[in-house]
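Protein chains in written order, with numbering that gives the first Met the number 0: chain A, 0 to 350; chain B, 0 to 350; chain C, 0 to 350; chain D, 0 to 350. A virtual CB, placed ideally from N, CA and C, is assigned to each residue, including glycine. A quick note: this is a predicted structure, and the numbers were derived from the prediction, not measured.
4 protein chains.
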Amino acid sequence: MNFASDNTAGVAPPILDAIVKANEGFALGYGNDDATARVTKRLADLFEREVAVHLVATGTAANALALAHLSPPWGAILCHEQSHIATDECGAPEFFGGGLKLVTLPGTGCKLTPGIVGEALKRGPWGGPHHVTASVLSLTQSTEAGTVYRPDEIAALSKLAHAHGLAVHMDGARLANAMVRLQVSPAEATWKAGVDALSFGATKGGALGAEVIVFFEPARAAGMAERRKRAGHLLSKHRFLAAQMEAYLTGNCWLDLAAHANRMADRLAARLAMAGIDPVWPVDANEVFVILPRRVDERLKEAGARYYPWESRALPEGKTVPDESVLVRLVTSFSTTGGDVDRFADIVRGR
Amino acid sequence: MNFASDNTAGVAPPILDAIVKANEGFALGYGNDDATARVTKRLADLFEREVAVHLVATGTAANALALAHLSPPWGAILCHEQSHIATDECGAPEFFGGGLKLVTLPGTGCKLTPGIVGEALKRGPWGGPHHVTASVLSLTQSTEAGTVYRPDEIAALSKLAHAHGLAVHMDGARLANAMVRLQVSPAEATWKAGVDALSFGATKGGALGAEVIVFFEPARAAGMAERRKRAGHLLSKHRFLAAQMEAYLTGNCWLDLAAHANRMADRLAARLAMAGIDPVWPVDANEVFVILPRRVDERLKEAGARYYPWESRALPEGKTVPDESVLVRLVTSFSTTGGDVDRFADIVRGR
Amino acid sequence: MNFASDNTAGVAPPILDAIVKANEGFALGYGNDDATARVTKRLADLFEREVAVHLVATGTAANALALAHLSPPWGAILCHEQSHIATDECGAPEFFGGGLKLVTLPGTGCKLTPGIVGEALKRGPWGGPHHVTASVLSLTQSTEAGTVYRPDEIAALSKLAHAHGLAVHMDGARLANAMVRLQVSPAEATWKAGVDALSFGATKGGALGAEVIVFFEPARAAGMAERRKRAGHLLSKHRFLAAQMEAYLTGNCWLDLAAHANRMADRLAARLAMAGIDPVWPVDANEVFVILPRRVDERLKEAGARYYPWESRALPEGKTVPDESVLVRLVTSFSTTGGDVDRFADIVRGR
Amino acid sequence: MNFASDNTAGVAPPILDAIVKANEGFALGYGNDDATARVTKRLADLFEREVAVHLVATGTAANALALAHLSPPWGAILCHEQSHIATDECGAPEFFGGGLKLVTLPGTGCKLTPGIVGEALKRGPWGGPHHVTASVLSLTQSTEAGTVYRPDEIAALSKLAHAHGLAVHMDGARLANAMVRLQVSPAEATWKAGVDALSFGATKGGALGAEVIVFFEPARAAGMAERRKRAGHLLSKHRFLAAQMEAYLTGNCWLDLAAHANRMADRLAARLAMAGIDPVWPVDANEVFVILPRRVDERLKEAGARYYPWESRALPEGKTVPDESVLVRLVTSFSTTGGDVDRFADIVRGR
């Protein structure tokens, strides 16, 4: 019953098979191999346009490299106060970006709205020479709360951002989970809604460690190859990175893996609801956030369940965590089983 | 006949097996898994002392993180002018180190000597506030010329460095190949000879992508976990990094893989010598540098051989590359076959 | 009627005289002159202990150099959300600090309290490797609201900070104005209350451009000479920087200049109170913040008065800016005249 | 007899007068004052074109800000191995430039030639992703050896640089001294010869501390205001910086001050030649480099003469420093007197 994180899962079988299969013969290093060429083509097909593609092994690298490329050192990244870039990357965007600044904003269910962003842009102070310049709006899809931005929401935010001269970045560490829910094309969920650069994650979805930085205007990625290299993020045996991403994107593999995770989250939410425990936000992706009575929490821990408590600042207005209760995050993945879900729910229900 | 680089080889079978085997069940991310604990212990055993251990996926990351940790931003790293950190990392040490400086020194066969380093330390100018301060001596083992520092050579260089307040870093991307030649213990080849921090590579030796930064005084690594994280170099599914390093260091795996590569280099050198072509430096590890007549070079290329030309600045005094000839680097690896070596030599000999 | 900023004033006569007088003969550059030696001694006497002293020309440089020296790149500076370092230095601390992070906190009258800081330290998340580490508490004295921390307030904040491993920095751009109000010794207002490093400003007080970074534990300043130099902040004709600071600190010059500014602020507040306009915070130093009806604001502007509107987030609980009104900041300086103050007040009172 | 550096002199009277005179009334801070507007216009007139102008207090700041603006972090600055940016700024360009690299080249009399630069550009390796990219050629005018580039020499170097995609920076800390010798217009000596950005120094020429970064294509300076601010180099009482530069550039003040310094250098060289001591390079500006017998050196020191020994690497081919001799640098300035020169020469001649 491991609901701690989607990165506690291993590697999805088709991706592991691809790694093994890639281990045949010699191949030029540093991305000059055939698999890298194929995955670049596959991404262009997927997004229905030419794209600039840079593979890396971690999501933090993908985010920090992309943000540093989109913003001058005197820029400010606007993002949610619970976004991964703001809270869980130990200052990576600041480091890569030469000392840029993250300006964190509130928002229910970890979602930003045009109202929130617009007020921040209006209030400021922004701009030179005394103040940093708002340079990038970064959205997480799915969000850290397991909610999902709809294409029209992204479009409205992007329009606002672009009107103020900001670029739009999407942290898509869990993009697949959002795509399953949205049922639109990858193009519609990203650049057609105004996204300029995407950190497209495969690791949480089932890869060993593979993410791709996608720039929808290839010219905007000029210099990114050097930036990646000097950050130590150009793998020498690059074919194994490419093989992971290629397998992930072959057919519907990425969506199938995410669909399973989402189904498990839906099932978990449904079972908990039967026990009178409703999610605090809509379950849009592969995460369920619920408030558990302390004694239930203890019972689960004793039974070996793994998950983390969560902070309550982004709760919907009026909703609070009662005494003797705890807000927890439950994450499902491609490898979560229905049995684990049911067992967890049974324990909650005291069975 | 691929002698382009040891990173054109794939993954050695025991290491690939370990990756596959690591893919069982759930494991905590970010190094809180059992394999990471085991590999930490293994490294302590190997080096006969407590060590601080940080795994990363690339050699550039290992080097740049280690150097940034050893030097203040106003420090200077003394290194050979052909060292990987100076020529092939696109400024990674400078980036990680907040704008530190690399001071490059000459040396036959890519080896530094106390004479060369001593003169640089004497000449300067060094020190504040106008000049940068010499802070680290970085040695490559095996060197970029495939030569190997003997323990007493390292000790003499370390003694000089320490006497001037410099720390000693070793870029051990090909440490295993050196160890095979030296026939001393890992401790004797490193900290007992004065090395303070080591970038210990497994990738070129046969891993998919695994390097470990070893600090021989663990206290000196304080803060490295944060430095690694904010550089995007903490892998979430860290068990797969640990599994590679564990397999590499199990028994004599690492030395056996290197011994094969070295034997192939020796065989290649011997066969070429029979054709009247002697290596320009001693073949100490898994690299052979020879001067080929242009027409032989063309014949090899036509036959499909892969390798790179090399620059001639580090040639021994008096040795030059004649017109119509080219200095080339031939790299062997764990996966080089005797057949490939012999075929290459045969083509050279015009058979 | 210039109340825009204390840096719209020129240079106080004794300081300008000192610059002129320093222009005699040759002097070694870069701080190796006699005036620099004297000012170092003077600061030690003033603070009743040995101190490390580095002069620079701007307050932003003093703050950013000090903070970068106190914090690792993965550190977080806790400060008020309206502090100069957070809002008016275009990201200087982040740049100098290799990408460190500023964590901004609320507080009435731009003052932090142990309650506010304590909650931030408790809430976090802090610490490695995923989160930045709280490393410095930075206090502004006088604050951006013209209020003043009492020594026991500083001591309570410092005690809390030190207990959590944070260093304490004081941005003393207007330290003199606070000292006049506090009537304690410089030692009592700084290191005896727990301050580790001080940006001690003379520019706003009457210098042309002179600030000094004071480390109360000299050993902690090791490397600061290099850090200053490579930031371009070591003036070659350093004697002129030293001469300014020496004149500023001769006798009670610095306190006399500040006392005048404070008196003008008190007088301004008193006159405005007679017109029914009370300051929104206590007038502790040389700044008066009042809410003006829009038509009064217009009348003043027409009469040539210069001052800036201010943002209202730090207003005391319950206090708001009514429609058709504006919160403004009025700054006095050593060169403000009683005539200007009275004329301003007369215009407000419609005379 | 102070020939240690031109920054051991004080402030030239017209410039000091201007500082005193600027101290009248209130003025907006941060460059929004009238003097700054005037000096901007004056520079446009001087260079016969619109220019972007940013004043700072030190030459290191001017150089490092300009270079960071011209080069990406993965760029390399090509410069002479004895250039101030390479040897005397404690790594400032690397710090400001996010870890860029300086590639130092040899050259007699501290001058680069198209041959030397061309060979470096050809040899490399340059370019991505493994190697840094040559991005800027930086020339010092007058050079660190007191020699002067002729306009056609600059044009030839610029043409080569531009053809390879490099920008051209000129460190003009002693530009005035060169101008006096060249007798061409400022435009001809800079942008008409291909210079893209200029660090134009007044400090060594007689200012208290004033330099200006000039971009000849104003668009290229976009963002420089922010870069300067976050480096702590925007002075609040900016009028005093502007006043210095304005006085320096009023009429022929700057050239007159430099002409005096140059004349003193010529006179010194002539007198020493009469003693059989010839300069090792042509005396083009305000520096004389001679080889002194050790006993003469001692005699001078005893008599109170101040100057520094110099390193001998840039000596013309075939010229060496004999045993019992020392290569020294003698710098004159606007405040050097003929009496000091003659007395120095007399001591050399044993009178």
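Alpha-carbon to alpha-carbon, residue j and residue i
i	j	result
I153 of chain A	H130 of chain C	28 Å
A269 of chain B	D341 of chain B	10 Å
A166 of chain C	I212 of chain C	15 Å
I290 of chain B	P308 of chain B	9 Å
C109 of chain B	A313 of chain B	6 Å
D44 of chain A	A241 of chain A	16 Å
E47 of chain C	G204 of chain C	22 Å
R294 of chain B	E225 of chain A	35 Å
K40 of chain C	A51 of chain C	10 Å
P113 of chain D	R149 of chain B	42 Å
C78 of chain A	R305 of chain D	58 Å
E210 of chain A	M0 of chain A	27 Å
T132 of chain C	T189 of chain D	48 Å
For residue i, the nearest candidate out of the options (CA to CA)
i	options	result
L159 of chain B	B:S137, B:K318 and B:L64	B:S137
Y29 of chain C	D:A67, D:D44, D:E49 and D:E88	D:E88
D170 of chain B	B:A61, B:A3 and B:R266	B:A61
A155 of chain B	B:T336, B:A192 and B:D296	B:A192
L42 of chain D	D:A284, D:G337 and D:L54	D:L54
V116 of chain B	B:A162, B:R328 and B:A257	B:A162
A274 of chain B	B:A21, B:D345 and B:F95	B:D345
N261 of chain B	B:E301, B:A75, B:V330 and B:S4	B:V330
Q81 of chain A	A:T146, A:G9 and A:T39	A:T146
L207 of chain D	C:N22, C:V347 and C:D16	C:N22
D283 of chain C	C:T189, C:V194, C:A258 and C:W253	C:A258
V194 of chain A	A:L174, A:F215, A:H83 and A:T57	A:F215
W125 of chain B	D:T86, D:Q182 and D:L326	D:T86
G222 of chain D	A:G74, A:D33 and A:A221	A:G74
H83 of chain B	B:A36, B:D151, B:E143 and B:G96	B:E143
N6 of chain A	A:K300, A:P128, A:G200 and A:D255	A:G200
Residue i vs residue j beta-carbon contact at 7 Å
i	j	result
S70 of chain A	S134 of chain A	yes
I14 of chain A	A246 of chain A	yes
A11 of chain D	F333 of chain D	yes
S141 of chain A	A186 of chain A	no
G98 of chain B	G98 of chain D	yes
S324 of chain D	P278 of chain D	no
R227 of chain A	L233 of chain A	yes
L104 of chain B	A119 of chain B	yes
F288 of chain C	R328 of chain C	yes
A91 of chain D	G231 of chain C	yes
Where the beta strand (DSSP E) containing residue i begins and where it ends
i	result
G338 of chain A	G338 of chain A -> not in any beta strand (DSSP E); alpha helix (DSSP H) instead, spanning G337 to V347.
I18 of chain D	First-last for I18 of chain D: P12 to A21, but that is the alpha helix (DSSP H), not the beta strand (DSSP E).
R328 of chain C	S324 to V330
V295 of chain B	V295 of chain B -> not in any beta strand (DSSP E); alpha helix (DSSP H) instead, spanning R293 to E301.
T132 of chain A	T132 to T139
Residue range of the alpha helix (DSSP H) that includes residue i
i	result
F46 of chain C	D33 to F46
A155 of chain C	P150 to A162
(request) Would you list, in sequence order, the uninterrupted alpha helix (DSSP H) runs of no fewer than 4 residues that lie entirely inside the stretch 70 to 122 of chain D? (result) 83 to 86, 91 to 95 and 113 to 122
(request) Tell me the start and end of each unbroken beta strand (DSSP E) in the stretch 177 to 261 of chain A that is at least 3 residues and wholly inside, in chain order. (result) 196 to 200 and 210 to 214, all fully within the stretch 177 to 261 of chain A.
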